[in-house]
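Since the structure comes first, as structure tokens, the remarks are kept for the end.
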Amino acid sequence: MNTDLLKNPIVTIALSVITALIIAIGAAAGLGAFGSSTPPEKTQPESLVVSLPENAKKATPEQVEAILSGKWVTTSNPPENIISFSRSEGSEGAAEKAPYFVHGGVCNGFGVGLVVDKTNATYTVEEGATTLKQCEPELWRYDNSVREAFIRGNTIYFDGTHTYFAKGGTGLKLSPAH
Numbered sequence: 002m003n004t005d006l007l008k009n010p011i012v013t014i015a016l017s018v019i020t021a022l023i024i025a026i027g028a029a030a031g032l033g034a035f036g037s038s039t040p041p042e043k044t045q046p047e048s049l050v051v052s053l054p055e056n057a058k059k060a061t062p063e064q065v066e067a068i069l070s071g072k073w074v075t076t077s078n079p080p081e082n083i084i085s086f087s088r089s090e091g092s093e094g095a096a097e098k099a100p101y102f103v104h105g106g107v108c109n110g111f112g113v114g115l116v117v118d119k120t121n122a123t124y125t126v127e128e129g130a131t132t133l134k135q136c137e138p139e140l141w142r143y144d145n146s147v148r149e150a151f152i153r154g155n156t157i158y159f160d161g162t163h164t165y166f167a168k169g170g171t172g173l174k175l176s177p178a179h
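2 is the number of the first residue of the sequence shown in my numbering; add one for each residue after it.
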């Protein structure tokens, strides 16, 4: 190909216009951008966020460690989707301040890291990127709902079986994966 042709401003403008038209036509047809899909609705399935039961107490440091080392499922868990946590690698600062990456998600992942204070069972969220692969709308909603539930919480509770990432008396309920 003759690269001198690409140096011509008229050709460059024409190629830019053609590219913009292709993207606009694709968007109008509902195709979205390359590698993306329609954003999920920001709704919370009722089965994910529950009121804390009376027997749920703030997790002890040992329970927090066990929770972060375990494998969990939600009550509306898609088949074979396990939620787990791992310490982020390459984090700056002291090791105890490194966030735990939340693994799981059936579509694009959750894109959430938790900076956990095990002594008082609290956490803050570090939001991360998620992928934009095409998925069924219900899978998008599931991933987004779990993500939003982690973001809305700030304390880890445990009732002897289930764990809750909660705030203000409600939170994401996780059950042990079998």
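Note that CB positions come from ideal geometry on N, CA and C, so glycine has one too.
Chain C contact for P100 (CB, 9 Å cutoff): Among the chains in the structure shown there is no chain C, since it carries only a single protein chain.
CB contact flag (G129, R153, <9 Å): Counted from its first residue, the sequence shown places residue 129 at position 128. Counted from its first residue, the sequence shown places residue 153 at position 152. Cβ distance not < 9 Å, so G129 and R153 don't count as in contact.
Beta-carbon contacts of I84 that lie in its chain and below 6 Å, excluding the five residues immediately before and after: Position 83 of the sequence shown, counted from the first residue, corresponds to residue 84. The residues are W73, G105.
Assigned exposure category for P54 - 16 Cβ within 10 Å defines buried: Within the sequence shown, the letter at position 53 stands for residue 54. When all chains shown are included, P54 counts as exposed.
Straight-line Cα distance separating T164 from A67: Translated into positions along the sequence shown, residue 67 becomes position 66. Translated into positions along the sequence shown, residue 164 becomes position 163. One C-alpha to the other measures close to 11 Å.
Candidates P177, L69, V50, of which the one nearest A122 by Cα: Counting from 1 along the sequence shown, the entry for residue 122 is found at position 121. Measuring from the Cα of A122, the nearest candidate turns out to be L69.
Inside the stretch 107 to 163 only - beta strand (DSSP E) runs reaching at least 3 residues: 113 to 118, 123 to 128, 156 to 159
For T61: DSSP bridge partner residues: Your numbering for residue 61 matches position 60 in the sequence shown. Beta-bridge pairing links T61 to no other residue.
Contact set for C108: own chain, Cβ-Cβ below 6 Å, skip 5 residues either direction: Numbered from 1 along the sequence shown, position 107 holds the residue referred to as residue 108. Cβ neighbours of C108 beyond the five flanking positions: C136, L140, W141, D144.
For L49, the first and last residue of its enclosing beta strand (DSSP E): Taking the sequence shown and counting its residues from 1, the one referred to as residue 49 is at position 48. Segment: none, L49 is in no beta strand (DSSP E) and carries neither H nor E.
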